[in-house]
Amino acid sequence: MKDLAEAALNAAQVKGAGYADVRLDEHVQQDIVVKNGQLAAVSDDASEGFGVRVLVDGAWGFAGSARLNKNEIDEVVDRAIRIARASARVRSVPVDLGPPVTSRGRYRTPLERDPFSVPLSEKVDLLLRADAAMGAVKGVGIREGSMEFLRQRKLFASTEGAFIEQELFESGAGIEATATSPDEVQNRSYPNSFGRHQGSGGYEYITAMQLDRHGGRIAEESVALLSAPQCPSGVKTLILDASQTALQIHESCGHPTELDRVFGMEAAYAGTSFMTPDKLNHLQYGSPQVTITADALTPTGLGTFGWDDEGVPAQQSFLIKEGLFVGYLTSRETASVLGQQSNGTMRADGWNRIPLIRMTNVNLQPGDSSLEQMIAETKDGVYMETNRSWSIDDKRLNFQFGTQLAYEIVNGKRGRLLKNATYAGITPEFWNSCDAVAGRSEWKVWGLANCGKGQPPQTAHVAHGAAPARFQHVKVGILK
Numbered sequence: 002m003k004d005l006a007e008a009a010l011n012a013a014q015v016k017g018a019g020y021a022d023v024r025l026d027e028h029v030q031q032d033i034v035v036k037n038g039q040l041a042a043v044s045d046d047a048s049e050g051f052g053v054r055v056l057v058d059g060a061w062g063f064a065g066s067a068r069l070n071k072n073e074i075d076e077v078v079d080r081a082i083r084i085a086r087a088s089a090r091v092r093s094v095p096v097d098l099g100p101p102v103t104s105r106g107r108y109r110t111p112l113e114r115d116p117f118s119v120p121l122s123e124k125v126d127l128l129l130r131a132d133a134a135m136g137a138v139k140g141v142g143i144r145e146g147s148m149e150f151l152r153q154r155k156l157f158a159s160t161e162g163a164f165i166e167q168e169l170f171e172s173g174a175g176i177e178a179t180a181t182s183p184d185e186v187q188n189r190s191y192p193n194s195f196g197r198h199q200g201s202g203g204y205e206y207i208t209a210m211q212l213d214r215h216g217g218r219i220a221e222e223s224v225a226l227l228s229a230p231q232c233p234s235g236v237k238t239l240i241l242d243a244s245q246t247a248l249q250i251h252e253s254c255g256h257p258t259e260l261d262r263v264f265g266m267e268a269a270y271a272g273t274s275f276m277t278p279d280k281l282n283h284l285q286y287g288s289p290q291v292t293i294t295a296d297a298l299t300p301t302g303l304g305t306f307g308w309d310d311e312g313v314p315a316q317q318s319f320l321i322k323e324g325l326f327v328g329y330l331t332s333r334e335t336a337s338v339l340g341q342q343s344n345g346t347m348r349a350d351g352w353n354r355i356p357l358i359r360m361t362n363v364n365l366q367p368g369d370s371s372l373e374q375m376i377a378e379t380k381d382g383v384y385m386e387t388n389r390s391w392s393i394d395d396k397r398l399n400f401q402f403g404t405q406l407a408y409e410i411v412n413g414k415r416g417r418l419l420k421n422a423t424y425a426g427i428t429p430e431f432w433n434s435c436d437a438v439a440g441r442s443e444w445k446v447w448g449l450a451n452c453g454k455g456q457p458p459q460t461a462h463v464a465h466g467a468a469p470a471r472f473q474h475v476k477v478g479i480l481k
């Protein structure tokens with residue numbers, strides 16, 4: 002692998018590249034699905050290849066291949082050089098990468114038990130036990146559980162002298178119960194919505210979820226939601242559980258602080274951003290309770306690694322500090338425009354994709370409250386848990402979210418179960434209304450494995466550390 006990387010870099014320099022980097026990537030994935038008491042699917046997939054990125058005349062070129070041999074390397078480098086030269090004809094400003102990045106080293110995800118060494122029978126047995134727990138509840142029509150395991154071996158080298166090897170592991174699982182009536186469908190999932198909850202680590206991450214112990218609870222909740230009253234409409238105090246707070250961070254802080262979106266270099270899937278450079282260090286994005294960091298060092302986070310795909314070391318940086326907007330997610334190229342250095346957020350979805358600015362672990366820092374205290378202090382409010390739907394405009398300003406379940410809060414006590422709960426707001430107004438965040442004991446890292454961006458599309462695995470949070474004067478229920 003090292004010889005192939007050196008051959009690619011040498012060829013790029015000989016052919017006229019002012020800068021070049023090469024990524025060799027081996028990706029292995031296992032997926033398991035159990036549905037209604039039966040093993041529905043098992044798949045094992047693997048992908049291996051390399052990508053070469055070059056700068057020629059101040060413009061980028063990129064090409065890749067699944068064939069790892071010397072002749073193919075020459076052809077791929079040629080293709081990347083030709084693309085760069087064509088791009089240079091229409092570029093407006095030459096790419097400036099800033100100071101050289103010369104990182105060298107190795108990184109491996111900390112884990113106790115390699116998930117690929119765990120027998121398939123053990124994994125399936127756990128999913129079937131969780132399925133049985135859901136199936137024991139009368140009224141549940143559909144039950145599903147799944148697991149996913151990833152291993153990625155990566156090598157990065159550049160003409161600046163960087164040489165990095167990484168081995169990254171991810172483990173994820175989830176269960177979902179769906180209950181139906183003649184005119185209603187309600188579902189509940191655990192630990193999070195939309196398939197499964199993932200983190201960086203080994204099979205111990207799955208064991209800690211205790212899927213079989215939560216199957217009965219979510220099944221009972223799905224059935225109870227069928228007859229629950231609709232969430233009332235009005236302006237109320239809103240308390241979000243940690244998982245919904247995490248998605249709120251993702252959509253209304255993570256995406257709008259991606260600097261390529263701000264510059265209009267990227268707009269696919271999630272649009273551009275209202276958080277333009279004139280607002281940096283001036284916009285009061287949130288209340289003093291709101292401090293948000295990008296932290297690629299967070300244990301078990303899907304955005305945790307040793308170095309990004311430009312060789313920049315993993316690090317923590319502030320995006321929002323006590324409510325003030327102070328930083329972006331950056332690449333070497335975009336950071337240099339602002340006179341800064343990259344904070345290490347460039348990642349690619351495999352060897353055949355060019356790196357893009359992606360969230361790492363974008364975390365809301367813990368506060369000093371608790372869910373119990375927030376409820377006790379609330380006279381008229383709604384507690385909402387586990388995302389069901391989301392919508393946000395292409396500037397990341399106006400949004401509406403729905404959750405799987407909710408509870409009314411009356412005079413400091415949790416009241417009736419509510420269904421079809423929604424809330425809406427405008428990003429800075431919403432975060433400025435945050436008056437409480439729970440503490441470290443209720444803070445958790447939530448993995449999100451379906452963050453889309455780019456054309457051709459790339460799916461990033463990111464994470465958000467969050468705890469329950471409270472917001473005042475929020476529109477909830479059916480909007481008029």
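According to the working numbering, the residues represented by the sequence shown are 2 to 481, in order. Heads up, the beta-carbon is just placed ideally off N, CA and C, and yes, glycines get one too.
Item, Value
"Beta-carbon contacts of Leu365 that lie in its chain and below 6 Å, excluding the five residues immediately before and after", "Ile250, Ile293 and Ala467"
"Start-to-end residues for the beta strand (DSSP E) that takes in Asp436", "Cys435 to Val438"
"In chain order, each beta strand (DSSP E) run of at least 3 residues that lies wholly inside the stretch 411-480", "414-419, 422-427, 435-438, 445-454, 459-467 and 470-477"
"9 Å Cβ cutoff met for Tyr329 and Thr258", "yes"
"Straight-line Cα distance separating Asn451 from Phe195", "9 Å"
"Contacts around Asn388, its chain only, beta-carbon distance under 8 Å, and the 5 residues preceding and following it disregarded", "Asn193, Ser194, Phe195, Ser244, Gln245, Leu248, Phe402, Gly403, Thr404 and Gln405"
"Buried or exposed (CB count within 10 angstroms, at least 16 for buried), Ala87", "exposed"
"Candidates Val23, Leu284 and Val57: closest to Ala163 by CA position", "Val23"
"DSSP-derived helix/strand/coil call for His283", "coil"
"Rounded separation between Asp132 and Gly38 - CA only", "6 Å"
"Whole-angstrom C-beta distance between Ser318 and Gly99, which should lie under 8 Å", "Between Ser318 and Gly99 the Cβ distance is about 15 Å, and since that is not below 8 Å, they are no contact."
"Candidates Ile143, Trp308 and Val55, of which the one nearest Ser182 by Cα", "Ile143"
"Close beta carbons around Glu171, own chain, < 6 Å, minus the five adjacent residues each side", "Leu151, Gln199 and Ser201"
"Classification of Val411 by the beta-carbon crowding that lies within 10 angstroms, buried from 16 upward", "exposed"
"Neighbourhood of Glu267 by C-beta, 6 Å cutoff - its chain only, sequence neighbours within 5 removed", "Asp261"
"Rounded distance between the beta-carbons of Arg92 and Gly59, thought under 8 Å", "6 Å"
"Cβ neighbour criterion (16 or more within 10 Å) applied to Thr305", "buried"
"Rounded C-alpha distance that separates Val446 from Pro101", "33 Å"
"Burial state of Asn113, where buried means 16 or more other Cβ atoms lie within 10 Å", "Just to set this straight, residue 113 is Glu in the shown sequence, not Asn. So Glu113 counts as exposed."
"Proximity below 9 Å, CB of Val463 to CB of Arg359", "yes"
"Arg214, DSSP secondary structure in three states", "helix"
"Simplified DSSP state of Phe170, which is helix, strand or coil", "strand"
"Rounded C-alpha distance that separates Val55 from Gly19", "7 Å"
"Member of Asp79, Tyr270 and Tyr206 whose CA lies at the smallest distance from the CA of Gly448", "Tyr206"
"Beta-bridge partners of Asp381, as assigned by DSSP", "Val411"
"For Ala336, the first and last residue of its enclosing alpha helix (DSSP H)", "Arg333 to Val338"
"Segment limits, alpha helix (DSSP H) that includes Asp184", "Looking at the DSSP string, Asp184 is not in any alpha helix (DSSP H), and its letter there is neither H nor E."
"Nearest residue (CA-CA) to Arg80, options Gly65, Ala6 and Arg197", "Gly65"
"Continuous beta strand (DSSP E) stretch holding Ser44: start and end", "Gln39 to Val57"
"Three-way DSSP call (helix, strand, coil) for Ile74 in this model", "helix"
"Collapsed DSSP secondary structure at Glu259 in the structure displayed", "strand"
"Extent of the continuous beta strand (DSSP E) to which Leu25 belongs", "Tyr20 to Lys36"
"Alpha carbon of Ala125 to alpha carbon of Gln30, nearest angstrom", "Ala is not the amino acid found at residue 125; the sequence shown has Val there. When rounded, the distance between both Cα atoms is 16 Å."
"Whether Gly1 touches Glu161 by CB criterion (9 Å)", "Since the first residue shown for the chain is 2 and the last is 481, residue 1 is missing from the structure and cannot be characterised."
"Whether Ser234 touches Ile427 by CB criterion (9 Å)", "no"
"Nonlocal neighbours in the same chain, by C-beta distance under 7 Å from Glu73, ignoring five residues either side", "Ser66"
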